[in-house]
Each structure stands twice: as C-alpha cells, then as structure tokens.
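Heads up, the numbering used here is the position in the sequence shown plus 24, with the first residue counted as 1.
All C-beta atoms in this analysis are idealised placements derived from N, C-alpha and C, irrespective of residue type, glycine included.
Quick notes on the structure that follows.
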Amino acid sequence: MLEERESKEPAMNPFQKNESKETLFSPVSTEEVLPRPSSPPKKPPPKIFGSSYPLSIAFIVVNEFCERFSYYGMKAVLTLYFLYFLHWNEDTSTSVYHAYSSLYYFTPILGAAIADSWLGKFKTIIYLSLVYILGHVFKSLGAIPILGGKMLHTILSLVGLSLIALGTGGIKPCVAAFGGDQFEEKHAEARTRYFSVFYLSINAGSLISTFITPMLRGDVKCFGEDCYALAFGVLGLLMVVALVVFAMGSRMYRKPPPEGNIVARVTKCIWFAICNRLRNRSGDVPKRPHWLDWAAEKYPKHLITDVKALTRVLFLYIPLPMFWALLDQQGSRWTLQANKMNGDLGFFVLQPDQMQVLNPFLVLIFIPLFDLVIYRLISKFRINFTSLRKMAVGMILACLAFAVAALVEIKINGMTHPQPASQEIFLQVLNLADGEIKVTVLGSRNNSLLVESISSFQNTTHYSKLHLETKVQDLHFHLKHNNLSVHNKHSVEEKNCYHLVVHEDGESISSVLVKDIEIKPANGMTAIRFINALHKDINISLDADAPLSVGKDYGVSAYRTVLRGEYPAVHGKMEDRDFSLDLGLLNLGSTYLFVITNITSRGLQTWKTEEIPANKLSIAWQLPQYILVTAAEVMFSVTGLEFSYSQAPSSMKSVLQAAWLLTVAVGNIIVLVVAQFSGLVQWAKFILFSCFLLVICLIFSIMGYYYVPLTKGIQEPMDKQVPQTQGNMINLETKNTRL
C-alpha cells in the first residue's frame, strides 16, 4: 500500500511544511498579500582549516581508525587463537576464520536495511557499536584459560564472534556512506578524496593494531601461556573509544532521514517487473525499452530509474568475490605459511601473525603513491585509466601475488621435516653407551627393517623410515655392544616418530623407545626435553611455569615450549644441590633433546642434539607477495569503494555499499569450501586460486568494456520513452497490459 500511495501522490518536501500550512489557512482576498520577510540562510557547517572538508569528517575518520584497530587486531591473532588455544587443526581454523569473515560481510545488508528504513545511519552506528562491544566482552571471557573448559571457551568465542560480526558488519555500510553524506554536491571532488582519507584511516588502524596485538598476545603471559584475553580486552576498549568519539560529533553531523525500507522496495520492484513481464508475453503487447519498465504500473518513475542504475552496477559485481577469496587469505593461509618460516630478521624477531602488518603499512605508502604519482603519470600519456580498468589491473596483480605465494610454499615444503605416512614410522637411534652399537630392527616375520651402526653420542641428522605390516606392531631390536648382544621388544604405532635411546645398564645395555613430538613448534617457539642419565631426580626451571621434572636413571621429560633465544644459565635443582645449565641458542621452530650426563665443577654437563631442524627459510621471502597483493588492493578496493558510491542513486548509497561488502562475504565462502573439500596440497591451492582469478579478470574486463558509467544530470533515453501513470489517466500501452 505504501508503494501505491507513493505512485499517486507526490513526495512531500519536509522543508515546505510550514509554507503549506500557511497557504491552507490564508484568507481568500483579492488584495495583494504582503511578502513575509525571508528566513536567514542556514549557517554552513564548520570546515577543517578553511578547506572544503566538514569538521564532522574528523570524528568519523577517528571513529573508523579505532574501530578498524579493534577489528583487524582481533583478526590478526584469530587463526593462531583457533590453532593453539582452542586446539583446532589448520583446515578447521581456516574454515572458521573465513566463516566468520563471511558472516561479517553478510551483515551489512541488515545494517543498510536498518539505516535506510528505520533508524537512519547515525543511530544505526551507535546501537550496533554497543553490540560490537558486547561481542568483545564475550570474546575476552572465552580466552581466559581458567574460566571453564574447552567447550565453554568455544561457545563464548563463537557467540562473541557472532556479535562482533553483527556489530562491525552492520555499521560498515553506514560509516562510509555517512561520511559521504557530510559533503555538499558542490564539493564532489573533495568527497572523492575523502574516500582515500577514509581508507587511509582504516589501514592506519590496521597497521598499528596488527603490530601491537600479537605483542600483547605473545610477549605477555597469562596463566602460563599466550595472553589472548588481554589482546581481546584491549581491542574491546578501543571500540569503546570509537563509540565515544563518534557520539561527540553528533551536533555537527548532517543526518539525512531514513528513506523507507529501500531493500524491500527494490526487491518488490524487481519482482513485480519480472512477474508483469511474464504475464504479458503476448506479441500484441508493445515491448518496452528496459525489463524494469514493466514495473511502471505500480512503482514511481524515480524508483524505477534508481533500480536501473542499481542493477547495472550489481551486474558488474558478479565476478568480484573471487578477488576477495584471494585477498582475505592473508589472515589465514598466509599466516600459517609464515608459521613455518624463520622470523629472525637479525635486529627483530617477527611473529607469524605480525607479518600481516606489511599490508596496512604498504597501503599507507601506496595510496598517495598511486594517487599523486602513478595515476597522474598515466594520465600524462593520455591513457583513459578508468575505475573499472584499475580494478582489472588489481585482479592481475593479485594473481601474481598468489603465484609467488605458491613458489614460497614449494620452497618451504622442500625444507620441512617429513612426516610418516600410513603404516610407516620414523626411527632415530641415540647411543648413550660408551662405544659403538650395532642396531638391527626386525619385523614380526623376522624380516630385517633396519641395520645401523651408531657411535657413542653421535649426532644423527636423519630419521630412518620403517614400513609396518599393521597400524600397531611389535618390533624386535637386536643390540650389539662390544661382546654383548641384547634383544628388546617395543610396540610402535603408525604415523609417529620415535627415538630409540640405548644406554648402559650396569654390565649390560638396555634401550628405551621414546615417542617424539608430532609437529614442529610454531608461533616463534622452540621445544625442548631432557634425558637424565644421573641417579637422582632433577627439576629444571625454564620459565614462570612449574619446573620440568626429569626422573633418574635415564628418565625422559615431557616437551616444554619456550621462546627463541639464548639460554646460558637455566636454573635446576637436585636433592642436595642447585645447578645451572647452558642450553645455548634455541632457534625458531626447532626441537632439541638434552642429555644430562654427569656433574662437573661448573655444574651439570649436557649433550645437545637437534631432533627437528629450525625453520631455515626467512619470513622476508613473503615480502614480494605482500607488495603485489597490497598494490592489487589499492587499485581494486579503494577504487571500487569510490566507484560504488559514485554510481549509486542518492537513495541507495548504503544498499550499494552493502552489496559491495556482500561480494567479500561470497569470496570468504569460496575459501571455506576449498579448505574443507579440496584434497590439494597448499601450493596447488594457491595456483588454483590464481588461475581462477585470471579467468574472472577476463570476464570482468569484457563486462566493464560494455558498461556505461552513470553521469549526473543525464537522463536515460528510456525514461522518455516509457509513459508514466498520471492520476487516473493511463496511456494506451498500459491499457493493453494485463495486471
């Protein structure tokens, strides 16, 4: 009914309300009515330092900086939070990460609908920011180790992420469009520059947050482990600051009133046009220039014109999700890739999740570089470098970035410690006896699996691969030492690595089979354990945690992960004395075994062996792919943000901004599907994404070639050709149409 009334009655201008009342009650007279004194002109909003930028923009930009600090800081540590706090595997962590990102980019549709039909942009930002803050509270509580168990942590984390997605996604289309609303039409050029400033504030917040949040997470210890609760709590506090700053500028803002449920009206208009066209397939019914003109019987001309402009842009959005599928993997797959690399830069040790700081840092450099240098240089060569062409070039750069990422992944795989496959184990013999030992490993059928001679305290640099007949199998170990011959039996399980520790046992020799750590230490850590060859128990204090206990007579301790660094004096305690151990340099991603052999005047003497080699490939090798993907983002995302605003009808700014963000949501779903259902190795997935985007870029280029940009002030010819309903008079074409 609302739409029917709008089609019959002209829209009331709220600024004419007083004039209408005056006319309604004025007496009828033939005498000339004296003119009323004109009202004083409205005072223009204050500007920033005499520029054409409204002062209210400062509050919006600061709000966006704090909000993006909060959002990107959380995303920086989210994958590692899933991996090491909730103990999910890499594929599950990647899937949940992109599921959250997808939900975050779906909620702008809801935020746009609330802003345009009910609360307006200002109130929508205020109320959904409160939801945002509540989500951070749940997320911080879910990261406190002593608060419940894993199930409660998971529930609180997922509830918190859902509220954050609703809050940040809901305000996302409103903030950018609300900033654009602060400019008058005569300052359109300044508004275009505002979007670059707006994007700079996003990346400034992201830059600082992505650098600081991993430090809050890793450098500060809570309850003996990484302090995710502190990181999430600080980010929630920044969101409170963002809300307060935005509310402070309330009196300066231009607040356009809500224009009705635009999303519902657009949907109904499109649906009616389709249904009306299908009902009038007869050749007797005259054709219309555009398929949306079939909604003219029910909807006003201005709405149909706006929907035409909207659908033309939405059609261009169809190929865009593939770009976001690549761009958003910086926080998931690229972080996991950095996890397997050496972050020691000499002057600073970079955490894997800190590598993401390169993206906002490079954005802050590239935006002025592209705007002031590259684009101007291109224009001097008289090349028409349109928005759509910039976006197409951005896609090509993203393809190249993922091709480079695939090469880095292949290089990492060549240096990665191998893992045993099904019905396989890896075995390494450690000889702690005095003299050479010959080891023969026999299977269940007395078939020889391994024959090896090991010198005393020999550093072996490789594991031997043994094939099993079943998943769990007993192996027989034949040990020869001098004139001694000993037989031991140990049970092994497939897909595991083991150390066979051979030592003297009085006049004889004996062996202990020890299971090794399954994965390389990540997140800038190293893992160590001890074998105690003494006859007394030992306690070793490595950090603020409880001391590590090592039993006497070749007892083997559990693994303990510590930060990379030099450990010249580690405190230890025996029954009758204290001592210190010199562990030397413990490198990134490595696993060490220390054998405590005897007591000297300087303390305990240890023998050190490296079980898993340290990460060899420097994390700096990720720099080229970050440079390429950031240049792609600047050319694609910044341009697309301004393009979406400029091509949107005035009544549908938030709707088109939400649709732009919706393409990001679909892109994250693509990554989620590939992570869960693709059996490819990671470097092959990178190549697959790169090839897909290259094909999409070709399709987008063809679509952009035929796209005619919306130019203000030019009326489309079809509007002149389609007659409109006026009052109760309907033209001949409409009479022939069956409703």
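DSSP beta-bridge partners of residue i
{"i": "residue 449", "result": "490, 520"}
{"i": "residue 496", "result": "517"}
{"i": "residue 463", "result": "476, 503"}
{"i": "residue 579", "result": "556"}
{"i": "residue 680", "result": "Paired residues: none, contrary to the question."}
{"i": "residue 608", "result": "591"}
{"i": "residue 527", "result": "534"}
{"i": "residue 299", "result": "Note: residue 299 sits in no beta bridge, so no partner."}
{"i": "residue 584", "result": "552"}
Boundaries of the alpha helix (DSSP H) in which residue i is found, first to last residue
{"i": "residue 138", "result": "132 to 138"}
{"i": "residue 156", "result": "144 to 166"}
{"i": "residue 205", "result": "174 to 205"}
{"i": "residue 613", "result": "Residue 613 -> no alpha helix (DSSP H), and no H or E assigned at all."}
{"i": "residue 392", "result": "382 to 393"}
{"i": "residue 720", "result": "706 to 729"}
{"i": "residue 87", "result": "80 to 104"}
{"i": "residue 326", "result": "325 to 341"}
{"i": "residue 437", "result": "411 to 439"}
Proximity test, Cβ basis, 8 Å: residue i and chain D
{"i": "residue 570", "result": "In the displayed structure, chain D is absent; only one protein chain is listed."}
Of the listed residues the options, nearest to residue i (C-alpha basis)
{"i": "residue 468", "options": "500, 446, 220, 598", "result": "500"}
{"i": "residue 208", "options": "644, 77, 301", "result": "77"}
{"i": "residue 630", "options": "552, 672, 686", "result": "552"}
{"i": "residue 614", "options": "424, 167, 639", "result": "639"}
{"i": "residue 368", "options": "680, 634, 612", "result": "612"}
{"i": "residue 454", "options": "705, 486, 471", "result": "486"}
{"i": "residue 515", "options": "504, 506, 536, 527", "result": "536"}
{"i": "residue 275", "options": "583, 81, 404, 351", "result": "81"}
{"i": "residue 278", "options": "598, 147, 488", "result": "147"}
{"i": "residue 447", "options": "409, 563, 498, 406", "result": "498"}
{"i": "residue 231", "options": "534, 388, 587", "result": "388"}
{"i": "residue 102", "options": "129, 184, 149", "result": "184"}
{"i": "residue 670", "options": "117, 470, 349, 217", "result": "217"}
Residue interval of the beta strand (DSSP E) (run including residue i)
{"i": "residue 266", "result": "First-last for residue 266: 252 to 272, but that is the alpha helix (DSSP H), not the beta strand (DSSP E)."}
{"i": "residue 597", "result": "594 to 597"}
{"i": "residue 536", "result": "532 to 539"}
{"i": "residue 565", "result": "562 to 565"}
{"i": "residue 590", "result": "589 to 591"}
{"i": "residue 141", "result": "No beta strand (DSSP E) holds residue 141; DSSP gives it neither H nor E."}
{"i": "residue 674", "result": "No beta strand (DSSP E) contains residue 674, which DSSP labels as neither H nor E."}
{"i": "residue 572", "result": "572 to 574"}
Beta carbon of residue i nearer than 8 Å to that of residue j
{"i": "residue 517", "j": "residue 495", "result": "yes"}
{"i": "residue 699", "j": "residue 380", "result": "no"}
{"i": "residue 691", "j": "residue 419", "result": "no"}
{"i": "residue 227", "j": "residue 384", "result": "yes"}
{"i": "residue 557", "j": "residue 620", "result": "yes"}
{"i": "residue 269", "j": "residue 86", "result": "yes"}
{"i": "residue 523", "j": "residue 510", "result": "no"}
{"i": "residue 653", "j": "residue 430", "result": "no"}
{"i": "residue 199", "j": "residue 84", "result": "yes"}
{"i": "residue 668", "j": "residue 681", "result": "yes"}
{"i": "residue 249", "j": "residue 376", "result": "no"}
{"i": "residue 237", "j": "residue 255", "result": "yes"}
{"i": "residue 282", "j": "residue 139", "result": "yes"}
{"i": "residue 123", "j": "residue 696", "result": "yes"}
Neighbourhood of residue i by C-beta, 6 Å cutoff - its chain only, sequence neighbours within 5 removed
{"i": "residue 105", "result": "252"}
{"i": "residue 233", "result": "93, 96, 97"}
{"i": "residue 436", "result": "364, 641"}
{"i": "residue 607", "result": "591, 594"}
{"i": "residue 725", "result": "416"}
{"i": "residue 91", "result": "266"}
{"i": "residue 707", "result": "430, 433, 434"}
{"i": "residue 49", "result": "Low per-residue confidence applies at residue 49: pLDDT is 33, beneath 50, and the placement is therefore not dependable, though the value from the model is reported in the following sentence. Taken in chain order, the list of residues that qualify is empty."}
{"i": "residue 541", "result": "551, 583, 615"}
{"i": "residue 56", "result": "Note that residue 56 scores 40 on pLDDT, short of 50, meaning its location in the model is unreliable; the coordinates nonetheless yield the value given after this. No residues qualify anywhere along the chain."}
Close-in-space but distant-in-sequence residues of the same chain around residue i (CB under 7 Å, 5 per side omitted)
{"i": "residue 54", "result": "The pLDDT assigned to residue 54 is 36, lower than 50, so where the model puts this residue is not dependable; a value taken from the coordinates is nonetheless given after this. Counting only Cβ-Cβ distances below 7 Å, and skipping sequence neighbours, we find nothing."}
{"i": "residue 26", "result": "Since pLDDT at residue 26 reaches only 32, below the 50 mark, its modelled position is unreliable, and the value read off the structure follows with that caveat. Within the same chain, residue 26 has no close Cβ partners at all."}
{"i": "residue 246", "result": "253, 254"}
{"i": "residue 609", "result": "590"}
{"i": "residue 61", "result": "Note that residue 61 has pLDDT 47, beneath the 50 cutoff, so the model's placement of it is unreliable and the number below is only indicative. For residue 61, where only same-chain residues beyond five positions count, there are no Cβ hits under 7 Å."}
Residue i Cβ short of 7 Å to the ligand MN heavy atom set
{"i": "residue 500", "result": "With respect to the ligand MN, the structure shown offers nothing to examine, as it has no ligands at all."}
Beta-carbon contacts of residue i that lie in its chain and below 8 Å, excluding the five residues immediately before and after
{"i": "residue 647", "result": "382"}
{"i": "residue 63", "result": "Legend: pLDDT at residue 63 = 45, less than 50; position of this residue unreliable, value from coordinates given subsequently. Same-chain partners within the cutoff: there are none."}
{"i": "residue 361", "result": "429, 432, 433, 436, 646, 706"}
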